[in-house]
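S.K.: Here numbering that gives the first Met the number 0 is used: the first residue of the sequence shown is 0, the next is one more, and so on. Beta carbons: idealized from backbone N, C-alpha and C, even for Gly. Okay, handing you the structure first.
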Amino acid sequence: MLKASIAVLVSGGGTNLQALLDAQACGVLKSGVIRLVIADKPGIGAIARAQAAGVTCAVIPRREEGFEARVLEALEQHHIDMAVLAGFLGILSGEAIRQFGKPILNVHPSLIPAFCGKGFYGLRVHQTALDYGVKVTGATVHLVNEIPDGGKILLQRAVEVQPGDTAEILQRRVMEQAEWKLLPQAAETIAAEIVRKKENMP
Numbered sequence: 000m001l002k003a004s005i006a007v008l009v010s011g012g013g014t015n016l017q018a019l020l021d022a023q024a025c026g027v028l029k030s031g032v033i034r035l036v037i038a039d040k041p042g043i044g045a046i047a048r049a050q051a052a053g054v055t056c057a058v059i060p061r062r063e064e065g066f067e068a069r070v071l072e073a074l075e076q077h078h079i080d081m082a083v084l085a086g087f088l089g090i091l092s093g094e095a096i097r098q099f100g101k102p103i104l105n106v107h108p109s110l111i112p113a114f115c116g117k118g119f120y121g122l123r124v125h126q127t128a129l130d131y132g133v134k135v136t137g138a139t140v141h142l143v144n145e146i147p148d149g150g151k152i153l154l155q156r157a158v159e160v161q162p163g164d165t166a167e168i169l170q171r172r173v174m175e176q177a178e179w180k181l182l183p184q185a186a187e188t189i190a191a192e193i194v195r196k197k198e199n200m201p
């Protein structure tokens, strides 16, 4: 069966990567296969998760010169059809996005357009939501363009804020109830579209 080749870019513990790997294992993600994980720093938990799943992992430090060129080279070498930013803390330049020229998905821990854009990542998103006093937050999976968190929204799911929530507690609930469910669903949708296009090519 024809499948879309997926690369996952990571910066931390890899819980969203694990959600994708688990979805692949149980058949939720069936139109694509994770062929490459790119970690932007050594020693992070996501690398161990990739290795445990038998997925090729490239460590390309984001702070080193030529980072984007090396990422693009790795994507090309592995014939990647789509990329997923899963807890990836870097912002890809518009030029790199154009050069790749294929779908890039990102999961963001809020209901875009709330609490998003440059500087909004990790616990800062959840703390800002709590500071504003919102009763509902959530997560969004969107396509990546040159505007941080500005691409087309694919899926969203709301998560209630509970009395006594801290940023850490809220972060965990948003991951469990929204991010880990939405990201595999969106990846499957885009992968299926890629496969359909490939099958219809002359």
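Between the C-alpha atoms of P60 and G86, what's the straight-line distance to the nearest angstrom?
M.R.: Looking up residue 60 in the sequence shown gives position 61. Looking up residue 86 in the sequence shown gives position 87. Cα to Cα, P60 sits roughly 15 Å from G86.
S.K.: Considering only residues of the same chain and omitting the five flanking positions on each side of H125, which have a CB-CB separation below 6 Å?
M.R.: Position 126 of the sequence shown, counted from the start, is the residue given in the question as residue 125. Cβ within range, chain order: A166, L169, Q170.
S.K.: Taking only the alpha-carbon atoms, compute the straight-line gap between P102 and M81 and give it to the nearest angstrom.
M.R.: Here the question's residue 102 lines up with position 103 in the sequence shown. Here the question's residue 81 lines up with position 82 in the sequence shown. Looking at the two C-alpha atoms, the distance is approximately 5 Å.
S.K.: Whole-angstrom Cβ separation of L154 and Q184, contact assumed at under 8 Å?
M.R.: One-based indexing of the sequence shown puts residue 154 at position 155. One-based indexing of the sequence shown puts residue 184 at position 185. That pair is a contact at about 6 Å.
S.K.: Kindly list the residues whose CB is nearer than 8 Å to the CB of A128, restricted to its own chain and excluding five residues on each side of it in sequence; keep chain order.
M.R.: For the purposes of this step, residue 128 is taken as residue 129 along the sequence shown, with counting starting at 1. Closer than 8 Å at Cβ, skipping near neighbours: S109, A113, F114, T136, V160, L169.
S.K.: Taking its Cβ as the centre, do 16 or more other Cβ atoms sit within 10 Å of S4, making it buried, or is it exposed?
M.R.: Taking the sequence shown and counting its residues from 1, the one referred to as residue 4 is at position 5. Label assigned to S4: buried.
S.K.: Suppose contacts are defined by Cβ-Cβ distances below 8 Å. Is A45 in contact with L16 by that definition?
M.R.: Taking the first residue of the sequence shown as 1, we reach residue 45 at position 46. Taking the first residue of the sequence shown as 1, we reach residue 16 at position 17. It is a contact, given that the beta carbons lie within the stated cut-off.
S.K.: First and last residue of the beta strand (DSSP E) that includes E159?
M.R.: By 1-based counting over the sequence shown, the position of residue 159 is 160. E159 -> beta strand (DSSP E) spans 152–159.
S.K.: Given 8 Å as the limit, is there contact between the region 92–101 and the region 19–26, that is, 3 or more CB pairs closer than that?
M.R.: The region 92–101 is not in contact with the region 19–26.
S.K.: Does G26 pass the burial test, meaning 16 or more other C-beta atoms within 10 Å, or should it be called exposed?
M.R.: Residue 26 sits at position 27 when you count from the first residue of the sequence shown. Exposed, because fewer than 16 other Cβ atoms sit within 10 Å of the Cβ of G26.
S.K.: So what does I5 bridge to, in DSSP terms?
M.R.: The residue you call residue 5 lines up with position 6 of the sequence shown. Paired residue(s): I33, M81.
S.K.: Cα separation between I189 and G121?
M.R.: Position 190 of the sequence shown holds residue 189. Position 122 of the sequence shown holds residue 121. The straight-line gap from Cα to Cα measures roughly 25 Å.
S.K.: Measuring only the C-alpha atoms, how far is G163 from G132?
M.R.: For the purposes of this step, residue 163 is taken as the residue at position 164 of the sequence shown. For the purposes of this step, residue 132 is taken as the residue at position 133 of the sequence shown. Rounded to the nearest angstrom, the two C-alpha atoms are 12 Å apart.
S.K.: Just to confirm, are L74 and A6 a CB contact at a threshold of 8 Å?
M.R.: Translated into positions along the sequence shown, residue 74 becomes position 75. Translated into positions along the sequence shown, residue 6 becomes position 7. Going by C-beta atoms, L74 is nearer than 8 Å to A6.
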